[in-house]
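Those protein sequences? They're chains A and B, same order as listed. FYI, our numbering numbers position 134 of the first sequence as 134, with every residue one higher than the one before it. FYI, our numbering numbers position 234 of the second sequence as 234, with every residue one higher than the one before it.
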Amino acid sequence: MKNKLFIFFISCLGILSSVKAGTIKVVTTTTDLKSITELIGGNKVSVSSIATGYQNPHFVDPKPSYIIGLSKADLFVTVGLDLETGWSPQLVASSRNTKIQKGAAGYVDASIGIGLLQVPTSANRAEGDIHIYGNPHYWLDPLNGKVIARNIANGLERIDPSNKSIYEANLQAFYKKIEDKMKEWKAKMAPFKGSKIIAYHNEWVYFETRFGLDVVDFMEPKPGIPPSPSQLVKVIKEIKADNIKVIISSPYFTTSSSDVVSKQTGAKELTLATSVGGFESIKNYFDLFDYDINQLTTVLK
Amino acid sequence: MFEMFQLPFMVQAFAAALITGALLSYLGVHVVGRGIVFVDLALGQISSLGVAFAAFIGTGLTSIPLVFTLAGALLMSFINIRDKRLKQEAIIGILYAFASALTVLFISKTPHGDSDIQEVLFGNILSVNWSQISTLGIVFGIIGLLQLVFFKKFFALTKSFELGENHLIGIFNFWNFLFYISIGLAIVFAVKINGVIPVFSFLIIPAVSGILLTKNNLVVFAIAFLVSILASFFGLNFSFHYDFPAGSSIVAILGGIFILASIYKLIHLAVSKKTVEV
């Protein structure tokens with residue numbers, strides 16, 4: 001009897017581990033996509049992100065493990081537009097994994113269906129139209145998170161139709177939580193509607209639009225160009241004229257020029273997270289907004 | 001040790017590193033002999049300037065850098081100083097600084113100009129594909145063949161720089177021009193696949209290691225060649241097993257080989273000194 005029980009137990013373990021081995025391997029370019037994929041896929045997926053949350057997603061230095069990870073992946077999720085053009089298409093091509101090449105069932109462009117902002121009207125790059133498809137930092141609007149989640153759920157359902165009901169249920173739960181959280185976040189930000197702020201890089205437009213902030217200017221004279229003396233002078237003037245209280249930046253930019261402006265004007269520097277994992281306490285997509293909104297409301301008070 | 005070759009992308013990286021290393025280690029012996037080690041960085045910077053300029057005017061992202069680099073190479077081949085107080089390296093340094101400054105100026109008026117430079121010029125050896133490798137092979141093969149056929153001409157030229165007799169070769173020397181064109185083309189294509197620092201290291205470190213280890217000119221070439229192969233293999237192995245960026249891993253191994261060669265040289269010097277004393 002004992003023996004039989006033992007065998008039963010072992011075979012249970014076997015089934016459990018085979019389920020574990022049968023999980024869908026997902027590789028995402030950023031941690032935000034990883035977090036949302038985990039929320040939608042639940043225990044059916046194992047997800048890894050190439051970029052870390054405190055890294056500038058425009059620049060990632062390829063390592064062998066990234067390509068190996070991609071070569072074994074069932075699903076690849078990218079922010080798209082031209083956020084990762086410098087590295088992710090090359091890595092996906094090098095992986096030679098036909099399941100995740102552009103156009104294949106395992107390729108998810110999370111930007112599909114996003115209402116893009118700052119889409120250039122002319123193709124003249126010299127006029128400041130850097131992102132030819134529009135600003136790619138769209139995950140910083142929680143409602144865009146719903147679109148991302150829908151795209152990821154579509155991808156999972158394409159390659160694993162048998163679990164469609166699970167993904168749909170998780171998706172509905174995600175929608176619900178975003179809507180609940182949105183009420184809380186909006187309420188917190190309400191007193192600061194129209195607050196003028198300065199940002200280091202042009203990556204806050206979606207966040208700004210959703211929560212009614214007003215980013216007056218950037219420390220960078222043009223995206224990707226380090227602050228110039230004349231830009232610092234301009235920003236200092238604007239801070240004084242509009243009584244701006246805060247300069248927001250991201251973990252991967254240096255604070256040296258913001259320091260100068262801060263000392264001259266008394267405006268506070270604030271490093272916000274742009275992705276999950278930007279700071280240790282930010283474990284998932286909801287934490288990201290909790291963190292940033294808490295930080296902002298404290299400073300703007 | 002050979003597991004990495006089960007993965008196609010590592011095989012491609014190794015093929016690209018071998019081709020790059022083979023030609024650059026050869027050219028490096030000339031470069032070090034002439035005392036112009038910064039020629040690589042200067043030409044690399046001039047091609048960055050080409051990208052910055054192309055991005056600024058909005059066209060010619062692949063052709064303009066090449067034209068700029070070849071023009072830079074032509075310019076450098078004219079550097080032939082009669083005044084003993086000046087070295088060519090000083091002029092090359094000035095070109096480097098000047099090109100860097102102009103690049104910054106152009107970028108400052110071009111949104112995301114820096115990422116254009118990243119994309120157009122600085123490749124990553126882990127994401128190289130076979131069509132890039134075959135282009136590299138053809139360009140490097142032609143340069144290598146040219147250098148091999150006219151080896152004596154190029155070698156005599158380098159010797160004249162080594163001996164300080166370069167004033168004898170005249171303002172415009174066809175072979176000198178051809179040498180700079182070889183370097184210019186090699187650098188543009190190599191940097192596109194390997195990145196700047198790996199190319200600089202492939203050019204200088206094998207040659208210097210060879211010079212440290214032997215006085216025989218032909219053996220210097222052989223050692224340089226061998227060093228580049230060893231560094232490609234062990235560098236990529238190191239990158240693969242410990243998951244480091246590939247370019248920097250190759251440079252680290254090259255650096256390690258240089259240190260070993262220096263230690264050997266020091267011991268050798270100490271021993272030969274002792275035998276003289278005895």
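Beta carbons: idealized from backbone N, C-alpha and C, even for Gly. Predicted model, so just to flag it, every value in this text is computed and none were measured.
Could you tell me whether any Cβ in chain A is nearer than 8 Å to the Cβ of Asn129 (chain B)?
At a cut-off of 8 Å between beta carbons, Asn129 (chain B) contacts chain A.
Output the boundary residues of the alpha helix (DSSP H) element that contains Glu184 (chain A).
Its alpha helix (DSSP H) spans residues Lys164 to Met189.
Can you give the Cα-Cα distance for Glu89 (chain B) and Lys72 (chain A), rounded to whole angstroms?
Glu89 (chain B) and Lys72 (chain A) have their alpha carbons spaced roughly 49 Å apart.
Hey, is Gln55 (chain A)'s beta-carbon within less than 8 Å of any beta-carbon in chain B?
So, not an interface residue.
For Ser49 (chain A), the first and last residue of its enclosing beta strand (DSSP E)
Judged by DSSP secondary structure, Ser49 (chain A) falls within the beta strand (DSSP E) whose first and last residues are Val45 to Ser49.
Secondary structure of Ser249 (chain A), DSSP reduced to three states
DSSP, reduced to helix, strand and coil, places Ser249 (chain A) within a strand of the structure shown.
Quick check on Glu3 (chain B): buried or exposed, where buried means 16 or more other Cβ atoms within 10 Å of its Cβ?
It counts as exposed.
Hey, out of A:Gly212, A:Gln231 and A:Lys234, whose CA is closest to Lys188 (chain A)'s CA?
Selection A:Gly212, A:Gln231 and A:Lys234 evaluated against Lys188 (chain A) yields A:Gly212 as nearest (Cα-Cα).
Taking only beta-carbon atoms, is Ile253 (chain B) less than 8 Å away from chain A?
Under the Cβ distance rule, Ile253 (chain B) does not count among the residues neighbouring chain A, no pair being separated by less than 8 Å.
Please specify which runs of the alpha helix (DSSP H), each continuous and at least 4 residues long, are wholly inside the segment 156-206 of chain B, giving them in chain order.
List check, alpha helix (DSSP H) in window: 174-194.
Beta-carbon contacts of Met76 (chain B) that lie in its chain and below 6 Å, excluding the five residues immediately before and after
Around Met76 (chain B): Tyr180.
Identify whether Glu269 (chain A) lies in helix, strand or coil by the three-state DSSP scheme.
In this structure, Glu269 (chain A) counts as strand in the three-state DSSP scheme.
What ranges does the alpha helix (DSSP H) occupy inside the segment 32-57 of chain B, keeping only unbroken runs of at least 4 residues that lie completely in it?
The segment 32-57 of chain B contains these whole alpha helix (DSSP H) runs: 39-57.
Work out the CA separation of Ala252 (chain B) and Val219 (chain B) for me, nearest whole Å.
Roughly 24 Å separates the two Cα atoms.
Grab me the residues of Ile211 (chain B)'s own chain with a C-beta within less than 7 Å of its C-beta, minus the 5 sequence neighbours each way, in chain order.
Taking C-beta separations shorter than 7 Å and ignoring five residues to either side along the sequence, the partners of Ile211 (chain B) in its chain run Val32 and Val220, following chain order.
Any chance the segment 152-165 of chain A sits against the segment 232-239 of chain A, with 3 or more Cβ pairs inside 8 Å?
Judged by Cβ distances under 8 Å, the segment 152-165 of chain A makes no contact with the segment 232-239 of chain A, as fewer than three pairs qualify.
Rounded separation between Val303 (chain A) and Ala15 (chain B) - CA only:
For residue 303 (chain A) there is no data in the structure shown, the boundaries of chain A being 1 and 301.
Of the residues A:Glu203, A:Thr78 and A:Leu117, which one's Cα is nearest the Cα of Gly103 (chain A)?
Just measuring C-alpha positions, the residue of A:Glu203, A:Thr78 and A:Leu117 sitting nearest Gly103 (chain A) is A:Thr78.
Please decide whether Lys283 (chain A) counts as near chain B, where near means a Cβ-Cβ distance under 8 Å.
It does not: the Cβ of Lys283 (chain A) has no partner Cβ on chain B nearer than 8 Å.
Distance between beta carbons of Ser209 (chain B) and Ala227 (chain B), contact taken as under 8 Å
Reading off the sequence shown, one finds Val at residue 227 (chain B), where the question assumed Ala. Right, their Cβ atoms sit about 5 Å apart.
CB Met219 (chain A) to CB Ser258 (chain A), shorter than 8 Å?
Their beta carbons are under 8 Å apart, which means Met219 (chain A) touches Ser258 (chain A) by this criterion.
Quick one, are the C-beta atoms of Leu272 (chain A) and Ile244 (chain A) less than 8 Å apart?
In terms of Cβ geometry, Leu272 (chain A) and Ile244 (chain A) do not form a close pair [threshold 8 Å].
Bridge partners for Val77 (chain A) per DSSP, in chain order?
Val77 (chain A) is bridged to A:Thr28 and A:Val108.
What residue does the alpha helix (DSSP H) around Ile223 (chain B) start on, and which one ends it?
Counting along the chain, the alpha helix (DSSP H) containing Ile223 (chain B) begins and ends at Asn217 to Tyr242.
Apart from the five residues on each side of it in sequence, which residues of its chain come closer than 7 Å, Cβ to Cβ, to Val299 (chain A)?
Lys245, Val246, Lys268 and Leu270.
If you drop the 5 nearest sequence neighbours on each side, which residues of the same chain put their C-beta closer than 7 Å to that of Thr214 (chain B)?
Within the same chain, and ignoring the five residues on either side of Thr214 (chain B) in sequence, the residues whose Cβ sits closer than 7 Å to its Cβ are Val220 and Ile223.
Whose CA, out of A:Leu81, A:Gly266, A:Val92 and A:Ser195, lies closest to the CA of Ile132 (chain A)?
Checked all of A:Leu81, A:Gly266, A:Val92 and A:Ser195; the closest Cα to Ile132 (chain A) is A:Leu81.
Considering just the uninterrupted stretch of the beta strand (DSSP E) at Phe218 (chain A), what are its terminal residues?
Looking at the DSSP string, the run of the beta strand (DSSP E) that includes Phe218 (chain A) is Asp214 to Phe218.
Which residue marks the beginning of the alpha helix (DSSP H) containing Lys146 (chain A), and which one marks its end?
Segment Pro142 to Ile159, the alpha helix (DSSP H) holding Lys146 (chain A).
Reduced DSSP secondary structure (H/G/I, E/B, other) of Ile197 (chain A):
DSSP places Ile197 (chain A) in strand when its eight states are reduced to three.
Among A:Asn284, A:Gly277 and A:Val60, which has the Cα closest to the Cα of Thr37 (chain A)?
Checking every option, the nearest Cα to that of Thr37 (chain A) belongs to A:Asn284.
Compare the C-alpha of Ser182 (chain B) against each of B:Met10, B:Thr69, B:Phe38 and B:Phe53 and name the closest.
Distances from the alpha-carbon of Ser182 (chain B) to those of B:Met10, B:Thr69, B:Phe38 and B:Phe53 put B:Thr69 closest.
Could you work out which residues of chain B lie near Lys63 (chain A), taking near to mean beta carbons separated by less than 9 Å?
Result: Leu126, Ser239, Asp243, Phe244, Pro245 and Ala246.
Are the C-beta of Met10 (chain B) and some C-beta of chain A separated by less than 8 Å?
Taking Cβ atoms only, chain A reaches closer than 8 Å to Met10 (chain B), which makes this a yes.
Burial state of Asp40 (chain B), where buried means 16 or more other Cβ atoms lie within 10 Å:
By the neighbour-count rule (16 or more Cβ atoms within 10 Å), Asp40 (chain B) is buried.
DSSP-derived helix/strand/coil call for Glu38 (chain A)
In this structure, DSSP gives Glu38 (chain A) a helical state, which the three-state scheme calls helix.
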